[in-house]
Amino acid sequence: MILQPIISTERLILRNWQGDDIELFIQMNSDIHVMKYFPGVMTREQTLEFFQRIQHHFDEYAYGLFAVEEKISGDFIGFIGFSHPRFESFFTPCIEIGWRLKATHWNKGLATEGALACLNYGFSILNFDKIYSFTSIYNLPSINVMKKIGLKHTGDFNHPMLNEDSWLFKHILYGISRDEFNFN
């Protein structure tokens, strides 16, 4: 079954999720490298619950975390897209852009390529005014993607869904407005 891409880039297709993605998603979320900057790997049940939240988000907002497919291989390689954080902080409610790719697809510029296309979609099609992204202060790979896509450091915060003694507790916040985005 060929699905209509929602966003297409030189190397990626961001699309709706399909049944074949779920087992690959479960595998990706159980990879210790992929989940390094999260409290832990996700069990099968946790990933299925996460997948249900992704589907519910699409049902409610008509956008969300898109499945990412590599154009050349046709392989599912992760997600890139939008969500609404499920906690309260000085910047919420807001729209967050996020990504998670299989480790075998890191360091190829794919997260940057997909996130830039997603920002363009968010500002030009969905008419967002501002988009945020955040991560642990130690997650330098994601912070570098945030910088490459034009987001600016707007603050730091302690993640309210993590324990104070967690090494991931301190987070960094980046954001960009429609006026600041460089549409190409």
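Residues in the sequence shown are numbered consecutively from 12, following the numbering used here.
Using N, Cα and C, we set each Cβ at its ideal position, and we do this for glycine too.
Only a predicted model underlies this, so the values are computations on that prediction, with no experimental measurement involved.
Residue state for K141 is assigned as strand, using DSSP reduced to three classes. For T146, DSSP records a beta bridge to I183.
For S84, the closest of H116, S147, Q38 and E175 by C-alpha to C-alpha distance is H116. Going by C-alpha positions, S177 is about 20 Å away from S41. Here L23 really is in contact with E80; their C-beta atoms are around 7 Å apart, less than 8 Å. In this structure, F36 lies away from T20, with their beta-carbon atoms at least 7 Å apart. In chain order, W28, I33 and F36 place their CB closer than 8 Å to the CB of F62, counting only its own chain and leaving out the 5 sequence neighbours on each side. In the displayed model, A122 falls within a helix according to three-state DSSP. Linking F168 to M157 through their CA atoms gives a straight-line distance of about 17 Å.
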